[in-house]
Structure formats: C-alpha cells, structure tokens
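Enquirer: Shown below is the structure under consideration.
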C-alpha cells in the first residue's frame, strides 16, 4: 500500500509496507525503538527524512550524525545530538535535517528487527523519496586494507544473490538486488574525493563471523588453511570482494519497501593473508571513517543539486 | 583439547576449544571484546570465573552484576562496576567475584560472535567447572505473561532440536541439547523462591522477530491471523512454550565446549492473544528481573553448598 502523494505535479517514490493488518491497528508500538504512533508524532518528528544511514555500532552512528551536521552546515556550536531511542539500549538513533542515523547491531536478525520498525516508522511518518545506505566494516578479498566496497550484489555462502527466510516454518526466497544507479553514483563520489580507493563488487553475507567466514581463529575450526584459501578463492572468482553479516536482509527488505538502497563497507583486512584484526586502533578507526566520508559527500551533492533545480 | 587439572584429587570439568590452529598463534585478539592474550593477563582477570550470565541488553547485564553483588554480599557502598569491554560498544562485560555478566545483542549471529570469544577467553584464562546461563526475554505460548521458562530443548522453526550452520558453503547440523539436571535445579530454585511461576518447556529459536515468529505487525506480512494461530498451535503441540532468537546457537556452542548451560527467559506476552508489547514499562521491567532473581538464587545456593563441602 503505497502512500503516493502528488507534489509539484510528480508522483513521489513512496515507502511501501506489505502488511494489510497494519491498517486495522489503532496504534503501532515500535518496541525496539521505544517509539509509537500513539505516543509520538512521527510525521512531525520524521516527515522530512530523505536519507537514512545505518551501521552496526551506536558510537559510529553518533559520530556520523556529528560529521554530517558539520558537512551540511547544520551544526551549531556545542550542539549535542540526543539519542531519539534513549529509552532503550537495543538501537540508537540520531537526526539532523533530512538525515537519520540508526545503529543496527551485528547480524541479519538484529538488522532485520531494526528495518521492520524503520520501514514502519518511515511509512507512518509519510516519508517519500528516501535513500538508505548501510555504512559498515567487512573483511576484504584481494583488496588492500582500507579499500571501500560498494556492493553490486549481496550473495549467500554459495555466492547466489538471494536470501532464504523462514516464514511459518517454510523457506521463502527473496532477491537481494540493490540499486545499480546509486552504486555508480557512490563510486563517482569516491572519484570526486580522490582520498581512498573504492570498488564495486559482490558482498558475501554470512550468519557467523568465524566458521561462517572460513576463519581459522574461532573457538571451533574443523577445516585446514588450504580449505579456507580454496573457499575464499572460489568466492573471489564469483565476484565477491568483501564479507559482512547484514547486507542480504538489508537489500531484500529495502527492495520490498521501495527504498533506494546501497551498502558501503570498508575492508579492514585482506582475508587471504589473515583472520585477526592486527592493525592499530588508529588505523582501523581511520578506515571506518571512509564509508562515512563517501556517503557524506553523496548526501551533500544530492542536496545541493536539489537546491539548484 | 581440554585443559584438565587435578584439584583435590578430582578432575575438573574443563573448557574445550575445538581448534588446532589456536596453538600456533602467538597471540589471540578477542576483537569484539577489545581484549587479547598479549595485552591482558586473562588468567589473572578471569581465572576464578565459575558462572557466566549472558543476555541481550547491556543495561540488563549491568543491573544483573549489581544485583548479584548484593546477593552474594560482595557489594561495597557506592561501588561501581566498570565495563571490562569499555573500549568497544559491541558487547558489555562486568565481573564480581566468580560471576561474569556479558551482553550479546540480538539474534544468533550476534550471540555467536560473543560466544566464540567468550569460550576462547575462558580457555585462555584456564577456567574450569563453568556454568553459563542465558537470561532473556521471549514471547510465550499458552503461558500467563511473566511466566519464566527454563528451556528443555531449543528447537528450530519446524520444532526439531537442531541448528544448521553453514561452514565453507556447506550445511553442518549441530545438537542443541541443554543440561537437563541444571534445568531441574533451576526449577527447584523457583519453588524455593515461590515468587513467580516457572515451567520447563521447549524454546523455539528464530532468525527473525516479525515474520519468523508469525507476527502480524511487521512491515511485511503475507499470512492471515488463522495461519498464525495454526502455526503457533502446532508449536505448542510440539512442546514449545516460548520463542526467542539466541538459544539454539547458545546451546550448540556450549555443548561443543563442555560448558554446563541453561536458558532462562521470561515470557513478556501471550502470543496467541497478540503480538505487540502493550504492558506498561514498569510491568515489563519487573518481568525482566525474574530470570535474574532465579539465577541469582541458584548461584547463591551453589556457592553456599561449595563453602559447606
């Protein structure tokens, strides 16, 4: 049920929810955000949102909102950005102007709870033309540490662009296609910036960080270094350039909701050369800022273009 | 490779890691805890740990350590319990005496990263005879809200006691058996306390909170109220009394590591009657304390018994 609105004679890109039951609910509690339709004026709080950035760590999402506020000239001296979900420790949420920044924890289940509630929030707030970008960290394959990967396709452990979800005990397969045009625009932003390397590649999404990603340093490991190398080489041959744990359900849910979506992750290490994150704290920190800088540049460019038009 | 030690003539129950590669590593960085074998003296910091309580929310795990410190007479006036993982926001960890309290976020992937690093931590610290309990929240089936469920078997979406993990692209099935004796001891603790109802039952573990648990209030829903009721009735008939998102991998990994393990979750609502958490904040909060109270009583009882013997 799209909430289509006519504005300037053109139909906006609307947020879809695909749930006929929502209409019969008198109010909707977004439990893990500690927000709700009867306790909060969601259109007033969020109606102007055009960009949503999501990432695993609450600290990183707070630092992103401070960064983007400065970039957009919306920061005030000594400004503090309160956590909109302060009543819960499940997720953290920050907003400045048209940009919302939300943490999602680690793994498919954690981001999927957040996205269900985010999509309903954007729907209740009657947002239109929203772009959502996941900014995160990942392990790279065949890339110099610090390289940023914009995801072409999110693939599963056998390198297929699909997500199998279980609904009422039965498997349902969903497409993990992302917006190709948006990925190219982000790549162009990296060229504009010329600060670090960015590539477009496939991203493998796993349910586990250790055995699921062929690491040799978990509590359990039943395979050899050779098995690991050959699995990661197969992944590389299938176009996989990095591995993380949220992109598949992010892509699938954004596609179902008509949200323009991209995944931008920095590769913290080269997995063919090792499994442990041995780089210094400062180096890892500087790598983690790259997706923020890239997406910050994109948002600024888009907002400037819309001012001019 | 068990680290068996002889003490008082009896062989302790040791922590297993099942990874031959660990021995050849000069140091081991527990990245998501911000701890490591070359930067921290893990035996000195954690060698005395006998009980580990894990739960989703960092706030709850901090409140648990404050509660257990009081219960065990280990709290000092104005004592603050510093977060041992203060350098990261992925997990929070607190310790008092022989009790460790660790948060794990939401979902199987999030708790599995934590458990890989926790098991390695206990192994590096040469801990023995460790009991691990997950204290959490859940949706109940056929139970009065506030009832505590001690898990008999953690089952999947078709009610089987197994976890399928993907390793090098291939499915591996692991048992989700928990310690039956420990479950009975916990049930007895609830009888000692006589403060709230506790049952032993099966726990369904899902990868999704909305569609994966047959909720009607997610952003997407392709099934009817009748479909939902009939799926949950099937679950009830298979012995399922509550639904949560971490127990299967928790059970599987503890079993592989020789850790005595239990899952103790309070049912916040009766899922046959609704999906939204409409109870007041105070009521939900008091429900969430019940697993803490139960496990606190168990730990006290065990420590008193070992003092006497």
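Residue numbers (the UniProt record's numbering), protein chains in the order written: chain A, 1 to 309; chain B, 1 to 309. Ideal Cβ positions, reconstructed from N, Cα and C, are used throughout, including at glycine. From a predicted model like this one, the values you see are computed outputs, not experimental measurements.
Spatial neighbours of residue 114 of chain B within its chain, please: C-beta separation below 6 Å, excluding the five flanking residues on both sides.
Expert: Hits under 6 Å: 91, 104.
Enquirer: Distance, Cα to Cα, residue 240 of chain B vs residue 231 of chain B?
Expert: For residue 240 of chain B and residue 231 of chain B, the distance between alpha carbons rounds to 11 Å.
Enquirer: Between which two residues does the alpha helix (DSSP H) carrying residue 251 of chain B extend?
Expert: Start and end: 247-256.
Enquirer: If you compare alpha carbons, which of B/301, B/279, B/292 is closest to residue 145 of chain B?
Expert: Comparing Cα positions, the closest option is B/279.
Enquirer: Does chain B have any CB closer than 9 Å to the CB of residue 219 of chain A?
Expert: Yes, residue 219 of chain A counts as interfacial toward chain B.
Enquirer: Indicate the three-state DSSP secondary structure (helix, strand or coil) for residue 10 of chain B in the structure shown.
Expert: With a pLDDT of 40 at residue 10 of chain B, under the threshold of 50, the predicted position of this residue should be treated as unreliable, though the coordinate-derived value follows. Strand, per DSSP.
Enquirer: What is the rounded straight-line gap between the Cα of residue 313 of chain B and the Cα of residue 162 of chain A?
Expert: Shown here, chain B extends from 1 to 309; a query on residue 313 of chain B therefore has no answer.
Enquirer: Does residue 90 of chain B have its Cβ less than 9 Å from a Cβ in chain A?
Expert: It does: the Cβ of residue 90 of chain B has a partner Cβ on chain A nearer than 9 Å.
Enquirer: Could you check whether residue 155 of chain B and residue 265 of chain B sit closer than 9 Å to each other, using their CB atoms as the reference points?
Expert: For residue 265 of chain B and residue 155 of chain B, no; Cβs fall outside 9 Å.
Enquirer: Tell me which residues share the same chain as residue 164 of chain B and place their Cβ nearer than 6 Å to its Cβ, disregarding the 5 neighbours each side in the sequence.
Expert: Closer than 6 Å at Cβ, skipping near neighbours: 171, 173.
Enquirer: State the Cα-Cα distance for the pair residue 253 of chain B and residue 237 of chain B, rounded to the nearest angstrom.
Expert: Roughly 27 Å separates the two Cα atoms.
Enquirer: I need the straight-line Cα distance from residue 1 of chain B to residue 13 of chain B, nearest angstrom please.
Expert: A caution first: residue 1 of chain B carries a pLDDT of 38, below 50, which makes its placement in the model unreliable, though a value can still be read off. Spanning the two alpha carbons is a distance of roughly 12 Å.
Enquirer: Taking 8 Å as the threshold, find out whether the region 259-273 of chain A comes into contact with the region 125-136 of chain A through three or more Cβ pairs.
Expert: The region 259-273 of chain A vs the region 125-136 of chain A: in contact.
Enquirer: To which residues does DSSP link residue 269 of chain A through a beta bridge?
Expert: Paired residue(s): A/139.
Enquirer: So for residue 313 of chain B, helix, strand or coil by DSSP?
Expert: Chain B is shown only over 1 to 309; residue 313 of chain B falls outside these bounds and no answer can be derived.
Enquirer: Give me the DSSP bridge partner(s) of residue 101 of chain B.
Expert: B/53, B/94, per the DSSP bridge assignment.
Enquirer: Please compile the residues from chain B whose C-beta is within a distance smaller than 7 Å of the C-beta of residue 21 of chain A.
Expert: Within chain B, the residues near residue 21 of chain A are 216, 217, 221.
Enquirer: Where residue 198 of chain A and residue 257 of chain A are concerned, what is the direct C-alpha to C-alpha distance, given to the nearest angstrom?
Expert: When rounded, the distance between both Cα atoms is 28 Å.
Enquirer: Using the beta-carbon of each residue, which ones in chain B are nearer than 9 Å to residue 108 of chain A?
Expert: Under the 9 Å cutoff, chain B gives 107, 108, 109, 207, 208.
Enquirer: If you check the beta carbons only, do residue 158 of chain A and residue 100 of chain A fall under 9 Å apart?
Expert: Not in contact: residue 158 of chain A and residue 100 of chain A (Cβ atoms no closer than 9 Å).
Enquirer: Check whether chain B comes within 9 Å of residue 100 of chain A, counting only Cβ atoms and requiring the distance to be less than that.
Expert: It does not: the Cβ of residue 100 of chain A has no partner Cβ on chain B nearer than 9 Å.
Enquirer: Taking the Cβ atom as the reference point for each residue, do residue 141 of chain A and residue 235 of chain A lie within a distance shorter than 9 Å?
Expert: Yes, the pair counts as a contact, with Cβ atoms nearer than the cut-off.
Enquirer: Less than 9 Å separating the beta-carbons of residue 247 of chain A and residue 131 of chain A?
Expert: Cβ distance not < 9 Å, so residue 247 of chain A and residue 131 of chain A don't count as in contact.
Enquirer: I need the DSSP call for residue 277 of chain B, collapsed to helix, strand or coil.
Expert: Reduced to three states, the DSSP call for residue 277 of chain B is coil.
Enquirer: In three-state DSSP terms, what is residue 222 of chain A?
Expert: Three-state result, residue 222 of chain A: coil.
Enquirer: Assuming residue 212 of chain B contacts residue 167 of chain A under a Cβ cut-off of 8 Å, what Cβ separation, rounded to an integer in Å, is found between them?
Expert: Indeed, because the Cβ distance is near 7 Å, the residues count as touching under 8 Å.
Enquirer: Out of A/226, A/205, A/306, A/143, which has the shortest C-alpha to C-alpha gap to residue 196 of chain A?
Expert: With distances taken between Cα atoms, residue 196 of chain A lies closest to A/143.
Enquirer: May I have the straight-line CA-CA distance separating residue 54 of chain A from residue 188 of chain B, to the nearest angstrom?
Expert: C-alpha separation (whole angstroms): 45 Å.
Enquirer: Find the residues of chain B that neighbour residue 179 of chain A, judging by a C-beta separation of less than 8 Å, and give them in chain order.
Expert: Going along chain B, no residue has its Cβ under 8 Å from residue 179 of chain A, so there is no contact; the nearest lies around 19 Å.
Enquirer: State yes or no: is the beta carbon of residue 112 of chain B nearer than 9 Å to at least one beta carbon in chain A?
Expert: So, interface residue.
Enquirer: Taking the alpha-carbon positions, what's the residue 118 of chain A to residue 126 of chain A distance?
Expert: Going from the Cα of residue 118 of chain A to the Cα of residue 126 of chain A covers about 12 Å.
Enquirer: Could you tell me which whole alpha helix (DSSP H) segments of length 4 or greater appear in the region 25-52 of chain A?
Expert: You should have 42-46.
Enquirer: Excluding five sequence neighbours on each side, which residues of the same chain lie with their C-beta closer than 6 Å to the C-beta of residue 34 of chain A?
Expert: 85, 87, 88.
Enquirer: With 16 other CB atoms within 10 Å as the buried threshold, where does residue 32 of chain A fall?
Expert: Classification for residue 32 of chain A: buried.
Enquirer: Based on Cα-Cα distance, which residue from A/36, A/63, A/41 lies nearest to residue 293 of chain A?
Expert: If we check each option's Cα against that of residue 293 of chain A, A/63 comes out closest.
Enquirer: Is the beta carbon of residue 228 of chain A less than 9 Å from the beta carbon of residue 183 of chain A?
Expert: Not in contact: residue 228 of chain A and residue 183 of chain A (Cβ atoms no closer than 9 Å).
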